[in-house]
Every structure is written in C-alpha cells, then in structure tokens.
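Asks: Quick one: the structure is below, and I'll ask about it shortly.
Set out below in structure tokens:
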C-alpha cells in the first residue's frame, strides 16, 4: 500500500509557496530534499536560511526542518512534510574548510561538490577536462564525512565522481540523475559510475526532469519504470530512489541564476539549448499530487514487489539518510598538521 | 562547599589557548560566557564559529559547546568546561532580522544591543544622547525573545537599557558591569537600572575589570564582596552573578579591535585613556585558578550564607539561562504584517 510507505523525494527546487506546500502534503511525500542555494556565497546562504525560517514560521502546520533521519519519522507522525536542505554547488563554503561545519549546523545536509563547471572541489559534467578531486576537495570530503554532510555528485564529471566515491569514507549520493543507458546526456551517469556508487552503499535518485529522460516531456511512466527495473537488475534495488528534480512555478530568473550564476557573460542553456531555453514541460504523470503514487503503481506493474517499490519511493533514501547524517568525529582529527597557533586564531 | 556549586562566569574574552583552557578547568568553572565577536559582520562571525569548532576538536577533553542550560549539567558531569557564545555588539545580524535565528542556531546565545556607541538597535553608554530602542531594535528584541537569544545591555546607555527591559517579554541581563554606587563610570549601572533589571527577573553579572571597580587594580576582595552585599540589600540575592570580563594573554590588537572596530580614525581608549591605553593589571586575587574560590570565600566572610554564595558564583546564572535559552515560538508570529510574497522570497 502506498500509504504505508515512507515517501521521500531526493530533490526538488519548486517555488515553495503555501499552495505548493499544501500540494506536497497531499501528494503523500514525507520528506523532500530542497535546493537551498545554487551559487550563493556564505553570506547569501544565510539569507536563504533566514527566508526558510520565515516559511517554517508561516507554515508550521505543514512543514518542519529535518536535520537527522529520525526527524522524518517525527514529521510523518505529525502529518507534516520534512524539509532537508541541500546546496547544488559548493559556493556556500567559499574557500574555507571551517564553513563545512558551520553550514551543517545551520541545517545544510547535502552538498554537491560541483555544478556543471569546475569548482574549487571537483569538475562539473560539462567541463572538457576533469582533473578529479582537488587538494581542497580532499579536505572538504573528509570534513563532510566527519560532520555528517552528504556528498552529492549529480552535476559532477565522471572522473571526479569516481574519485569522490573512492576518497569518501561514507557512502555518497547522486541525488538526481539517470543512467546513460536510458538516455545519453552529459548529466546522466555511466554504468561504471552507478556500479561504483552502489558498491560503496551510495544512492542514485532517478530524475523526472524531462531533459534527463528518453523522449523528454513525452517519456511514459512505463519507460521510466523500465529504466528503474533495468538499473535494479544491474546493481540491486537497495541503492535506488527518486530525486525528481521537480521545479514548478519558478520564474525564468531562477532558471537563469541556476544556469548562469555570475560566471557567464553569454547565456548558458545548461541542459537546454537556444531553441529550448525555458523550462521543459513537466511530465504529465508527475506534475500533480499523484506523482509519487503513479511511480509506485508503475513500479509494481513492471515487476517490483510491494516492499521493493516502497524502497524506491523512499525507504532506501531513509536508510541512506540514517547512515549519513550523524557526525562521526573519529573520522577526522588531523588538525595537528594544519592547526594554527592560538594567537592566529583570535 | 565550593566544589558542590555550579560555577559560571558570565563573561570572559581571554586568549583561549590550551593552557588557558586547562587553567579554566582547574579553576572549577563549569561554564563561561565567551565573547565570540565584537564588531564582526555576519560573514566574519561565521569564521569565528569555525575557529571555535576547531578549538572544540582540538580540546574535546576540556571543553564543549553549550546551547541550552541542561548542556551545562552535562559538561559538569563530564568534567568539561561549557562554552556559551555571546556577541558584544549586534554587528553579526547586520540589518537583517532573519539573521537572529540564523545566529542562534549557530550557537549565539547572548547578544548586546549596542557596544559603547549607537547601534542599529540601541544607544551605547558613551553616547551623549540616548534615543532608546530603535524601530529595528524593537523587532530584534521580539525575535530574540522568540528564538531564545538573551539580550545583554552591559555596554548600552541608561534610557535604552530601561527601554529594553520594558519591551522584552523575557528577562534580560547585564552580563558584566558594576553599580555606580560602588564606582562612578559610564559603563556602570545606576540603582534605577539595577532595580528595574531585578524587578523583571533579569541578571546582573559583577565585573572584575579593574576600570569598573573602586581603586582599579587595587580593589580588594573584601571591597568587591561588600559591593555585592550592598547590591543584594537593594534587590535581593537572586539576580546577582559574576561576569568577570576577564581578559588574559590577549595582544594589543584585540584591545584595539574591541575599542575601535572600524569606526574610529583616531584612537578611542574605551574605559581607559591616553595615559592608560593598554590592558589594566588584573586583580591579583582573580588572576589565576583560585579566582572564583576566592570570591566564594569572600562572600561568606561578608555575611552571605553558603547557598547564597553559591547562587552568586553560578546558581543564579544557571537558573537565568534555564529560563532564557529555549525558543518560545508563541511570543512572536506577526509575520502577516511584514511578510513578503513567496516570489520575492525565492
């Protein structure tokens, strides 16, 4: 039964007004990974947190902040939607290792190491060359492991992704992307990456963003579920979830910020092109409150058992979060080598 | 017995190297209100938090962060010193109401509404004119009440202080200052202020900073304790604590930053003067690990009972913190009037 499941959407960046939050609650979703920031620096990230605090105050009957997995159970019991924050790029920590713990304390649970472009940490999926994880990136991965912030490589390049999987002492995620075997796109992931991710207890969230799917906005529910089934044949069902990448009711300015940040003088179309520069049409079977129920039913139709379909629509995300969000201080205490004198610290 | 007491120092801004932390632990102090920032803006405040996170990592056997009163009990049980963060000015929230909750979540438990000068919130004690709490200040007081951040008026002017006591729905503190009846100084507080503070369940922390004391660095332990006794005669013992204002081993640069921030082209000497521009000599009976024990014994000598002396050296601070640090969401939910459209919030 759909209603018995823990339902988690592993990425959305919709316009979070009250109408949308009501729709989200009606959809049966217990928790959603919300994009807090794209290219915001540390200071601007604080304002995003402050704006969400205001949303929590104004909609305390509908939503609550999630910092640890058990908070999702509490949200479910209270009939609220849990909000888990993520950053699509690593701009929030700027060039300062200490900001990892600061942002984690503020509520940032997931961070991508790069977004399409080369970052201070890793290469993005649209770069021609991918040097792998940088020197700063290695330190940040250790620190994210220590404080319980999840590494997300959705928009990163292949070599950097494999390198991150290898370096990280805790499982990582690709919160929203699809296998390239289903649709060849720079943003999608090779079998090599998916196998390495799963072998290290990581999690892949299947994307409902049309530009990640065969036939774009015309991709059928059945084709989507067949893609999930084929991936499960390859790596098992325990490492698969949904990261819908759903974006509703956002103005073009948000799309522009997401794609261009402050880095490009000429328009960059991301996964789109000059011909299709706006938002792609949302999949009709995932646009409204029936979206997750439709996927659940679709998964049963292509042969998943009821518990397996439950794993994919949220159970696996829950287990992954349970293993990922607690701090593990013992993982990193090598401050000896880089510690500054107390005088300098003042 | 001194060892049975909960010992809390309501303000220090020493150089927090490991030697000092060892001394602090040996002194029997269970928790200390640490000055995190003076004039740092929001971004710079994050770096201060990050530096403290590094200190916690490096000295996890000695110190732990305190966010709520019960954490102090845990610290005492673990034999660690609890660190409670405060801001001596309100620069950390800049001009943004939403940063109050952001800074509280990060661990800022106490904030002064002004530091010597006029701030965006209140007048400082060295201003000629004191307009009272500003329009922004009224909002910030409400928000601090809501999230459980303590209002501290140690460096604020009299009218602003009385105004804050009146506006705040929760008790406030003057974490480190002395009565003007003991020593006439702009930084010290009139009987009017102390009575209003106590009548509203607030807390006064007596300062050990020589420039707040009769005879400066030569103030005797007995004179100090007589000042406490005389104040207790005026307002009772329940609202009195220690806020030593102790500063050890800091370079002149910290003193300059504290007094001058970025606001003054000419040297401002704060409570000092051109003649005594450096750090005043610390009181010999409060310089080392016997400081709080000496005060405890001194209080007994001037007539306080054992439980009363225990209240002054920490028990009252503990009760005050217990009533002050929990959020009270019901105190402020008037976002209707100032809420922005969801579009604007994005």
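Protein chains in written order, with our numbering: chain E, 53 to 398; chain V, 53 to 398.
C-beta: ideal position from N, C-alpha, C; glycine also.
1. On the DSSP bridge list, what partners appear for residue 299 (chain V)?
2. In chain E, which residues lie less than 9 Å from residue 157 (chain V) when you measure between Cβ atoms?
3. Excluding the 5 residues preceding and the 5 following residue 100 (chain V) in the sequence, name in chain order all residues of the same chain whose CB lies nearer than 7 Å to its CB.
4. Would you mind stating whether residue 223 (chain V) and residue 252 (chain V) have Cβ atoms separated by less than 8 Å?
5. Using only CA atoms, which one of V:114, V:182 and V:63 lies nearest to residue 294 (chain V)?
6. List, in order along the chain, the chain E residues whose C-beta lies closer than 8 Å to that of residue 94 (chain V)?
7. To which residues of the same chain is residue 182 (chain E) closer than 7 Å at the C-beta, ignoring the five residues directly before and after it?
8. Please state whether DSSP places residue 395 (chain E) in a helix, a strand or coil.
9. Need the endpoints of the beta strand (DSSP E) that residue 76 (chain E) sits in, please.
10. For residue 59 (chain V), does the count of other Cβ atoms within 10 angstroms reach 16, so buried, or fall short, so exposed?
11. Which residue from E:184, E:158 and E:142 puts its Cα closest to that of residue 165 (chain E)?
12. Can the beta-carbon of residue 117 (chain V) be found less than 8 Å from the beta-carbon of residue 135 (chain V)?
13. When you compare the CB positions of residue 297 (chain E) and residue 259 (chain E), do they come within less than 8 Å of one another, or not?
14. Note the first and the last residue of the continuous alpha helix (DSSP H) segment covering residue 152 (chain E).
15. If we cut at 8 Å on Cβ distances, does residue 289 (chain E) have a partner in chain V?
16. Note down the Cα distance separating residue 317 (chain V) from residue 96 (chain V), rounded to an integer number of angstroms.
17. Under 6 Å Cβ to Cβ from residue 391 (chain E), same chain only, skipping five residues before and after it: list those, please.
18. For residue 333 (chain E), which of helix, strand or coil comes out of DSSP?
19. Which two residues bound the contiguous alpha helix (DSSP H) that contains residue 287 (chain E)?
20. At 7 Å on the CB atoms, spell out the chain V contacts of residue 153 (chain E), in chain order.
21. From the beta carbon of residue 148 (chain V), is the nearest beta carbon of chain A less than 8 Å away?
22. Can you say whether residue 156 (chain V) is buried or exposed, counting buried as having 16 or more other CB atoms within 10 angstroms of its CB?
23. Excluding the 5 residues preceding and the 5 following residue 277 (chain V) in the sequence, name in chain order all residues of the same chain whose CB lies nearer than 6 Å to its CB.
24. Please report the distance separating the alpha-carbon of residue 105 (chain V) from that of residue 337 (chain E).
25. Can you tell me the Cα-Cα spacing of residue 54 (chain E) and residue 335 (chain E), whole angstroms?
26. Quick check on residue 380 (chain E): buried or exposed, where buried means 16 or more other Cβ atoms within 10 Å of its Cβ?
27. Looking at residue 216 (chain E) and residue 377 (chain E), is the spacing between their C-beta atoms short of 8 Å?
28. When DSSP builds the beta bridges, which residues end up paired with residue 269 (chain E)?
29. My output table needs one value for residue 238 (chain V): the three-state DSSP class, helix, strand or coil.
30. What is the residue span of the alpha helix (DSSP H) that residue 308 (chain V) lies within?
31. Do residue 226 (chain E) and residue 283 (chain E) have their beta-carbon atoms positioned less than 8 Å apart in this structure?
32. What span of residues does the alpha helix (DSSP H) with residue 251 (chain E) cover, start to end?
33. Would you mind reading off the limits of the beta strand (DSSP E) that contains residue 115 (chain V)?
34. Under a three-way DSSP split, which group does residue 58 (chain E) fall into?
35. By DSSP, does residue 166 (chain E) sit in helix, in strand, or in coil?
Replies: Reading from the atomic positions:
1. Position 247 of the second chain, counted from the first residue, corresponds to residue 299 (chain V). None; residue 299 (chain V) has no bridge partner.
2. For this step, residue 157 (chain V) is matched to residue 105 along the second chain. Ordered by position in chain E, the residues that pass the 9 Å Cβ test against residue 157 (chain V) are 101, 105, 157, 158 and 159.
3. One-based indexing of the second chain puts residue 100 (chain V) at position 48. Correct list, in chain order: 88, 89 and 92.
4. Numbered from 1 along the second chain, position 171 holds the residue referred to as residue 223 (chain V). Numbered from 1 along the second chain, position 200 holds the residue referred to as residue 252 (chain V). Taking 8 Å as the Cβ cut-off, residue 223 (chain V) and residue 252 (chain V) qualify as a contacting pair.
5. The residue given as residue 294 (chain V) occupies position 242 in the second chain. If we check each option's Cα against that of residue 294 (chain V), V:63 comes out closest.
6. As a working note, residue 94 (chain V) is residue 42 in the second chain. Taking the beta carbon of residue 94 (chain V) as reference, the chain E residues within 8 Å of it are 95 and 98, listed in sequence order.
7. Walking along the first chain from the start, residue 182 (chain E) turns up at place 130. Exclusion of the five residues before and after residue 182 (chain E) leaves 175, 209, 210, 211 and 212 as the residues of its chain whose Cβ lies within less than 7 Å of its Cβ.
8. Taking the first residue of the first chain as position 1, residue 395 (chain E) is located at position 343. Bear in mind that the predicted position of residue 395 (chain E) carries a pLDDT of just 45, short of 50, making it too unreliable to give a figure here.
9. Locating residue 76 (chain E) in the first chain gives position 24, where the first residue counts as 1. Counting along the chain, residue 76 (chain E) falls outside any beta strand (DSSP E), though it belongs to the alpha helix (DSSP H) covering 70–78.
10. Counting from 1 along the second chain, the entry for residue 59 (chain V) is found at position 7. Residue 59 (chain V) comes out buried.
11. Taking the first residue of the first chain as position 1, residue 165 (chain E) is located at position 113. The candidate whose alpha carbon is nearest that of residue 165 (chain E) is E:142.
12. Residue 117 (chain V) sits at position 65 when you count from the first residue of the second chain. Residue 135 (chain V) sits at position 83 when you count from the first residue of the second chain. Cβ atoms of residue 117 (chain V) and residue 135 (chain V): closer than 8 Å.
13. As a working mapping, residue 297 (chain E) is identified with position 245 in the first chain. As a working mapping, residue 259 (chain E) is identified with position 207 in the first chain. For residue 297 (chain E) and residue 259 (chain E), yes; Cβs fall inside 8 Å.
14. One-based indexing of the first chain puts residue 152 (chain E) at position 100. Where residue 152 (chain E) is concerned, the enclosing alpha helix (DSSP H) starts and stops at 151–158.
15. Walking along the first chain from the start, residue 289 (chain E) turns up at place 237. Residue 289 (chain E) does not count as touching chain V.
16. Here residue 317 (chain V) is taken as the residue at index 265 of the second chain, counted from 1. Here residue 96 (chain V) is taken as the residue at index 44 of the second chain, counted from 1. Cα-Cα distance, rounded: 21 Å.
17. Locating residue 391 (chain E) in the first chain gives position 339, where the first residue counts as 1. Unreliable positioning characterises residue 391 (chain E) in this predicted model, as indicated by a pLDDT of 44, which lies under 50. The coordinate reading is nonetheless provided below. Closer than 6 Å at the Cβ level, and outside the excluded window around residue 391 (chain E), lies no residue.
18. For the purposes of this step, residue 333 (chain E) is taken as the residue at position 281 of the first chain. Looking at residue 333 (chain E) - three-state DSSP - the assignment turns out to be coil, as it is neither helix nor strand.
19. Along the first chain, one-based indexing puts residue 287 (chain E) at 235. First-last of the alpha helix (DSSP H) with residue 287 (chain E): 273–287.
20. As a working note, residue 153 (chain E) is residue 101 in the first chain. Chain V residues near residue 153 (chain E): 102 and 105.
21. Of the chains in the structure shown, none is chain A; the protein chains are E and V.
22. Your numbering for residue 156 (chain V) matches position 104 in the second chain. A residue is called buried when at least 16 other Cβ atoms come within 10 angstroms of its Cβ; residue 156 (chain V) meets this threshold and is buried.
23. Reading the second chain from its first residue, position 225 is the one you call residue 277 (chain V). The residues are 350, 351 and 354.
24. By one-based count along the second chain, residue 105 (chain V) stands at place 53. By one-based count along the first chain, residue 337 (chain E) stands at place 285. Per the coordinates, the alpha-carbon of residue 105 (chain V) lies some 47 Å from the alpha-carbon of residue 337 (chain E).
25. On the first chain, residue 54 (chain E) is found 2 positions in, with the first residue counted as 1. On the first chain, residue 335 (chain E) is found 283 positions in, with the first residue counted as 1. About 20 Å.
26. Translated into positions along the first chain, residue 380 (chain E) becomes position 328. Answer is exposed; the Cβ neighbour count stays below 16.
27. Reading the first chain from its first residue, position 325 is the one you call residue 377 (chain E). Reading the first chain from its first residue, position 164 is the one you call residue 216 (chain E). Taking 8 Å as the Cβ cut-off, residue 377 (chain E) and residue 216 (chain E) do not qualify as a contacting pair.
28. Counted from its first residue, the first chain places residue 269 (chain E) at position 217. Looking at the DSSP assignment, residue 269 (chain E) forms no beta bridge with any residue, so it has no partner.
29. Within the second chain, numbered from 1, the residue matching residue 238 (chain V) stands at position 186. Note: residue 238 (chain V) maps to coil in three-state DSSP.
30. Residue mapping note: residue 308 (chain V) aligns to position 256 of the second chain, counting from 1. 304–312 is the extent of the alpha helix (DSSP H) around residue 308 (chain V).
31. Taking the first chain and counting its residues from 1, the one referred to as residue 283 (chain E) is at position 231. Taking the first chain and counting its residues from 1, the one referred to as residue 226 (chain E) is at position 174. Not in contact: residue 283 (chain E) and residue 226 (chain E) (Cβ atoms no closer than 8 Å).
32. Numbered from its first residue, the first chain carries residue 251 (chain E) at position 199. Where residue 251 (chain E) is concerned, the enclosing alpha helix (DSSP H) stretches over 243–251.
33. Start at 1 with the first residue of the second chain, and residue 115 (chain V) comes out as number 63. Where residue 115 (chain V) is concerned, the enclosing beta strand (DSSP E) stretches over 115–117.
34. Here residue 58 (chain E) refers to the residue found at position 6 of the first chain. Three-state DSSP puts residue 58 (chain E) in coil, outside helix and strand.
35. Residue 166 (chain E) sits at position 114 when you count from the first residue of the first chain. Residue 166 (chain E): coil per DSSP, three-state reduction.
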